[in-house]
Amino acid sequence: MDAFLKYFYQDMGLMLQAFLNIFVSIFNFLNVLLNYPMRMKIIKSYSPDFGAGDWVLLAVTNLLILAIIVMGIFMIVKLFKRLFRFRLPVKENEKLRAEVAKLSREVFKLNYEKDKILAMKVSEMGMAPSDVLRQIEDEENKEPAAEADQKSEAEAKFDHNGERNTITSPPVVPEASRFFRLTTVDNYYKTVYEAPVYDNDVTLEGFCIRYRNFAASKLRLFYDIDILRYFVAALGACRLIILQGISGTGKTSLPYSFGKYLLLDSTIAAVQPAWRDRTELFGYFNEFTKVFNETEFLRAVYEANYFRDPHVIVLDEMNIARVEYYFAEMLSVLEMPRPEEWLVDIVTTVWDNDPCLIDGGKVHINKNTWFVGTINNDDSTFAVADKVYDRAIPIDLDSKAASFIAPDTEPIHVTAEHLIEMFKDAKKKYPISEENLKKLDEMDLYVIKHFRLAFGNRIMKQLKDFVPCYVACGGTELDGIDFMVAKKILRKFESLNMGFIKDELHKFVIYLEKTFGKTNMRMCKEYLNRLQKMS
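Structure below.
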């Protein structure tokens, strides 16, 4: 142990001495570097022998030494600043960062809420947007008088003359109204529009045949007569028709050609994937600009109140967004039994120069208006909810019709009143027979017993409205029943487990043949056989 201690003392002593020599050497270096009196003596001793070049080199050498001294002082000061700079404790820093993050979230939330309030969900609120804005500003301790002045300045550009704009009043300059498009519509019907001469002598069967020949001869669009009968009869049964099938089978061209046939172009509104609520259809009032952001859908619904022609509004690619979201209000409104109740809220208060036909902030959906949705059933779209299908009549367009030579046929002017009157006459003249109604009741009980599904009152009403109209269009009663049962009842089977009901589907086919005959209910049997193959 003594030997190790001696070794350790000697070894560590040498290391400590070498470490101390570092500081001694630094001190000696600084002493020589900063000892200018000694340097001046050396210079004086050699200066008698200096030439011009020697003096230049002497000056450069001393400048370099001075630069080294200044750089050293600068580095030492910077080092001391870093070492002795005041720092907050780590916990205090974390607390401060948490507070900043919290404040950022609050600011984002407040901005989002403010934008949401000001951005137009006017009809869904219980109070006017200006009242909401005023409450927010009061909470922020802003002067109410300043807010009122700001509002009056924003509205000053609109011409409030104290007289309500009506159909008989002079036209309003569109730029002076918050509804530019609708005011333009008003002015057109006040000054330019002349009602056409209508041909109200046509029958439903002749209407369908003439439509088919017109589409083929004028537009080179070919349709099976049954498809057109389904389409026209569906107009007499409900206000929403769904055209579904693969791409390229004429889903959009069918309502397009129908508008050309009636000499009133159908309005085609292209649905966007981001559509989520009613404002996508009807627009919204912008509290900042004091202008209503109108849509083509709103313009079409509004303008239909001016004329008597049947008008079709097409929702193209209807299920590229969720139909039950953006079209929910329309589904409810169209369920109202009286057309006078088909009203949609647009604004909460009416201004003097608002469009003529906005009554109490509401727009009326006229009885001459029908809605057609086109649907693609693929991976890029959403499934349509049952509540949408229940309120509509779906028509499948799965194949192209063969071309044919049609006689040259002109379009037709017919009033919606005459078309609706023909539907009413058809329902009186061709009601479903008691025999077939009894068979439908028995089928309803059979479906309830074996598949736990029921027809429902709405479906039965649509069936009783559709079949007579289909017969009046030139079809047969059983074919009309076959179509409605396949599209409205059997469609619900797709939600069942096919593996468990395969045998029941086969028995149902036998039941249909036994009840309606082997040559009837062709569409239902084809659909059931396809379901069996899928199971």
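Under my numbering, the letters of the sequence shown match residues 552 to 1086, in that order.
Glycine included, C-beta positions come from ideal geometry on N, C-alpha and C.
Cβ neighbours of residue i in the same chain (closer than 6 Å, five flanking residues each side left out)
{"i": "phenylalanine 1067", "result": "none"}
{"i": "glutamate 868", "result": "Val822"}
{"i": "glycine 677", "result": "Below a pLDDT of 50, predicted positions are generally treated as unreliable, and glycine 677, at 49, falls in that range; the measurement from the model is reported next regardless. Cβ neighbours of glycine 677 beyond the five flanking positions: none."}
{"i": "valine 783", "result": "Cys759, Cys1024"}
{"i": "alanine 957", "result": "Asn764, Ala767, Ser768"}
{"i": "threonine 846", "result": "Gly834"}
{"i": "alanine 820", "result": "Glu847, Phe848, Leu866"}
{"i": "isoleucine 792", "result": "Ala785, Val923, Ile944"}
{"i": "methionine 973", "result": "Leu755"}
{"i": "leucine 1004", "result": "Val998, Lys1043"}
{"i": "alanine 603", "result": "none"}
{"i": "tyrosine 558", "result": "none"}
{"i": "tyrosine 560", "result": "none"}
{"i": "threonine 920", "result": "Ala855, His862"}
Segment limits, beta strand (DSSP E) that includes residue i
{"i": "alanine 967", "result": "Taken as a continuous stretch (DSSP letters only), alanine 967 belongs to no beta strand (DSSP E), being part of the alpha helix (DSSP H) at 967 to 980."}
{"i": "leucine 794", "result": "791 to 795"}
{"i": "asparagine 764", "result": "No beta strand (DSSP E) contains asparagine 764, which is instead part of the alpha helix (DSSP H) from 755 to 769."}
{"i": "tyrosine 1100", "result": "Residue 1100 falls outside the range modelled here, since the chain spans only 552 to 1086, and no answer is possible."}
Residues that residue i bridges to, as DSSP identifies them
{"i": "aspartate 775", "result": "DSSP lists no partner for aspartate 775."}
{"i": "histidine 862", "result": "Thr920"}
{"i": "alanine 934", "result": "Looking at the DSSP assignment, alanine 934 forms no beta bridge with any residue, so it has no partner."}
{"i": "alanine 943", "result": "DSSP, once it has assigned bridges, lists no residue as partnering alanine 943."}
{"i": "asparagine 716", "result": "Looking at the DSSP assignment, asparagine 716 forms no beta bridge with any residue, so it has no partner."}
{"i": "alanine 820", "result": "Leu866"}
Residue range of the unbroken alpha helix (DSSP H) whose run includes residue i
{"i": "tyrosine 558", "result": "553 to 585"}
{"i": "isoleucine 1032", "result": "1028 to 1035"}
{"i": "aspartate 992", "result": "985 to 1002"}
{"i": "proline 1019", "result": "1008 to 1023"}
{"i": "histidine 964", "result": "It is not in any alpha helix (DSSP H) - histidine 964 carries neither H nor E in the DSSP assignment."}
{"i": "tyrosine 1078", "result": "1073 to 1085"}
{"i": "tyrosine 740", "result": "731 to 742"}
{"i": "valine 1060", "result": "1049 to 1067"}
Three-state secondary structure assigned by DSSP to residue i
{"i": "leucine 814", "result": "coil"}
{"i": "asparagine 844", "result": "strand"}
{"i": "tryptophan 606", "result": "helix"}
{"i": "proline 695", "result": "Bear in mind that a pLDDT of 47 at proline 695, under 50, signals an unreliable position, so the number given afterwards is only what the model happens to contain. The answer is helix: DSSP assigns proline 695 an H, G or I state."}
{"i": "glycine 677", "result": "Summary for glycine 677: the model assigns pLDDT 49, below 50, so the residue's position carries little reliability; its value from the coordinates is reported in the next sentence. Note: glycine 677 maps to coil in three-state DSSP."}
{"i": "aspartate 828", "result": "coil"}
{"i": "phenylalanine 955", "result": "coil"}
{"i": "lysine 660", "result": "helix"}
{"i": "leucine 647", "result": "helix"}
{"i": "glutamate 875", "result": "helix"}
{"i": "asparagine 613", "result": "helix"}
{"i": "leucine 786", "result": "helix"}
{"i": "glutamate 745", "result": "coil"}
{"i": "tyrosine 857", "result": "coil"}
{"i": "glycine 623", "result": "helix"}
{"i": "phenylalanine 601", "result": "coil"}
{"i": "proline 722", "result": "coil"}
{"i": "alanine 851", "result": "helix"}
{"i": "alanine 1005", "result": "coil"}
{"i": "serine 728", "result": "coil"}
{"i": "alanine 707", "result": "Per-residue confidence for alanine 707 stands at a pLDDT of 49, beneath the threshold of 50, marking its modelled position as unreliable; no derived number is given."}
{"i": "lysine 629", "result": "helix"}
{"i": "serine 804", "result": "helix"}
7 Å Cβ shell around residue i - same chain, five flanking residues per side excluded
{"i": "methionine 1074", "result": "Asp1033, Phe1034, Ala1037"}
{"i": "proline 806", "result": "Ser817, Val863, Val865, Val923"}
{"i": "asparagine 856", "result": "Leu908, His915, Asn917"}
{"i": "aspartate 775", "result": "Ala952"}
{"i": "tyrosine 877", "result": "Trp826, Arg827, Asp828, Arg829, Glu831, Leu832"}
{"i": "aspartate 710", "result": "Interpretation of aspartate 710 is limited by its pLDDT of 48, a score under 50 that renders its predicted location unreliable; the figure taken from the coordinates is listed afterwards. Closer than 7 Å at the Cβ level, and outside the excluded window around aspartate 710, lie Ala727, Asn904."}
Residues near residue i by beta carbon distance below 8 Å, same chain, minus five either side
{"i": "lysine 1076", "result": "Val1060, Leu1063, Glu1064"}
{"i": "glutamine 1013", "result": "Ala788, Cys789, Ile944, Met1035, Lys1039"}
{"i": "phenylalanine 955", "result": "Ala767, Phe773"}
{"i": "leucine 1089", "result": "For the chain, the structure presents residues 552 to 1086; residue 1089 sits outside this window and is missing."}
Item to complete: Taking only runs that begin and end inside the region 877 to 930, name each unbroken beta strand (DSSP E) of 3 or more residues, in chain order.
Response: 894 to 896, 913 to 915, 920 to 926
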